[in-house]
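*Asks:* Dumping the structure here so I can ask a few things about it.
In the working numbering, the protein residues as written are 95 to 470.
Right under this line is the structure:
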C-alpha cells in the first residue's frame, strides 16, 4: 500500500493507492482503499481547519488547463477539465516519431503536380517544429528542390500509433491525428545554434541516425508550419490551430503512458466503470457498452452506450462523457490516485453513503457530456 500526500498551502489531501499483482484481487484491494478514503474523508469533514478543495487551487487549474470549452456540465462544477486543441495537437506531434511527408511530384510529366507521400522520421526542435534527416537522392528531397527549395510547400501528417491505440479497441478513424503544412528549410550545421541538440535528439529517437547523419548525402531539414490542422478522431473535434498557439502549447505529460492506462482501466476495472456510469454519469438505462477512451492530466473520457427501456424507444444511444480530476496530475502515479478517487465516490454513492457538499457543488467530481449520438 502506498500513500500519496498532496500538500498545498491551506490544504492537505491524502490518497491511498493499493497495488495488486493479480487482477483477481484488484476489487478487494479497491475496497480496502475505499475504507481508507472514508477514514480521511470523515476527518476532513469534522476538522475545523479543512477547506473546500476548489477555491484553493482554482488558479492553478486555470493556469494549466488552456482554453478548453465546456459542452454540457452534469453538475455545478464548471472548472475547465479538457486539454485545449493546441495542447492536443502538440501532444500528437510530440508522441509520434514518424509520419507521411507530402510533396509535389516533379519527375514524371504524367503525374507532375500530383501529391507524393513519403514515410519519414523526425524529431522536434524547441518550438515543436519537426526536423527531418533527408537523403539528397530521396524522391521527396528531389521534389522539394524542384518546387523551389525553401519556398516549396509541404505537409507532414502524423497519427498516434495504431498498435498502441488498438489496445483500447480503437479503429484507424478513431485515432487522433495532426497535419502541419508549411515550408521546409535546410539546416546549416555551421550556423544553426540548436544543431547539437537536434543531433542528440535524433540519435536517441532513431538508432540508425548515427550511421548516416555525418554523410555528405544527408542533411537536416526544418519544417516551418504555416497551418496546423488537428483531428481528434472519427466524428469528433477537427480544427485549424494557430501556429503561435501551437508553439506555446505543452504536450500532455501522460501522453506516452495514456494508452496503457486506458487499457488497464478497461481490463481490470469493469465493475468500477459500471458504478461510475450509474451513479456519477446518471446513466439510468440499460448499459450495452462502456469503456474509457482517453486519459490525460486533466481527466478521462468514458464512452457509454445504452438502450432505452421502453419497447417503442429501445434505440441505442452512445454518449461521451468527460470526468475531470480535481487536481491536474503531474505523473502516472498521481493519475492512478485521481482515478481511484473517482471510483471511490461512485462506490460510496452506489452503497448509500452521502457526504455534505457546499452550496455550489464545487466539491463534486467535475463531469460534462462532450458528445452524443443515437442509432435506432
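Ideal Cβ positions, reconstructed from N, Cα and C, are used throughout, including at glycine. Since we're looking at a predicted model, the values are computed, not measured.
Ignore the nearest five residues each way along the sequence and tell me which others in residue 211's own chain have a CB closer than 6 Å to its CB.
*Replies:* These residues qualify, in order along the chain: 194 and 196.
*Asks:* Please state if the CB of residue 377 and the CB of residue 356 are separated by a distance shorter than 8 Å.
*Replies:* No, they are not a contact pair.
*Asks:* Mind checking whether residue 342 and residue 177 have CB atoms under 8 Å apart?
*Replies:* No, these two residues do not count as a Cβ contact at 8 Å.
*Asks:* Does the segment 355-372 come close enough to the segment 298-306 to have 3 or more Cβ pairs within less than 8 Å?
*Replies:* Short answer: they don't touch.
*Asks:* Give the secondary structure of residue 370 by DSSP, where H, G and I count as helix, E and B as strand, and everything else as coil.
*Replies:* Three-state result, residue 370: helix.
*Asks:* From the DSSP secondary-structure annotation, give me the bridge partner or partners of residue 279.
*Replies:* DSSP, once it has assigned bridges, lists 316 as partnering residue 279.
*Asks:* Looking at the secondary structure, which residues open and close the beta strand (DSSP E) in which residue 189 lies?
*Replies:* Unbroken run through residue 189 is the alpha helix (DSSP H), 179-189; no beta strand (DSSP E).
*Asks:* Rounded to whole angstroms, what is the Cα-Cα separation between residue 465 and residue 223?
*Replies:* So the alpha carbons of these two residues sit roughly 31 Å apart.
*Asks:* Are the CB atoms of residue 226 and residue 323 within a distance shorter than 8 Å?
*Replies:* Going by C-beta atoms, residue 323 is not nearer than 8 Å to residue 226.
*Asks:* Below 8 Å between beta carbons: does that hold for residue 270 and residue 207?
*Replies:* No, these two residues do not count as a Cβ contact at 8 Å.
*Asks:* Under a three-way DSSP split, which group does residue 427 fall into?
*Replies:* Note: residue 427 maps to helix in three-state DSSP.
*Asks:* Is it a yes or a no for the segment 248-255 touching the segment 272-289, going by three-plus beta-carbon pairs under 8 Å?
*Replies:* Segments in contact, yes.
*Asks:* Roughly how many whole angstroms lie between the Cα atoms of residue 244 and residue 190?
*Replies:* If I take the Cα positions, the gap works out to 24 Å.
*Asks:* Quick one: is residue 415 buried, meaning 16 or more other Cβ sit within 10 Å of its Cβ, or exposed?
*Replies:* Residue 415 is buried by the Cβ-count criterion.
*Asks:* Would you check if the distance between the CB atom of residue 180 and the CB atom of residue 288 is smaller than 8 Å?
*Replies:* No, they are not a contact pair.
*Asks:* To the nearest angstrom, how far is it from the Cα of residue 408 to the Cα of residue 461?
*Replies:* The alpha-carbon atoms of residue 408 and residue 461 are separated by roughly 26 Å.
*Asks:* Locate the beta strand (DSSP E) running through residue 410, then write down its first and last residues.
*Replies:* Counting along the chain, the beta strand (DSSP E) containing residue 410 begins and ends at 410-418.
*Asks:* Would DSSP call residue 204 helix, strand or coil?
*Replies:* Helix at residue 204.
*Asks:* Let me confirm a value: residue 445 is counted as buried when at least 16 other C-beta atoms fall within 10 Å, else exposed. Which label applies?
*Replies:* Label assigned to residue 445: exposed.
*Asks:* Where does the unbroken alpha helix (DSSP H) through residue 353 begin, and where does it stop?
*Replies:* Looking at the DSSP string, the run of the alpha helix (DSSP H) that includes residue 353 is 352-362.
*Asks:* In angstroms with no decimal places, state the Cα-to-Cα distance between residue 238 and residue 192.
*Replies:* About 19 Å.
*Asks:* Residue 251 by DSSP, collapsed to three states: which one?
*Replies:* Strand at residue 251.
*Asks:* Which residues mark the beginning and the end of the alpha helix (DSSP H) in which residue 289 is found?
*Replies:* Start and end: 289-299.
*Asks:* Could you tell me the distance, in whole angstroms, from the CA atom of residue 380 to the CA atom of residue 401?
*Replies:* Roughly 5 Å separates the two Cα atoms.
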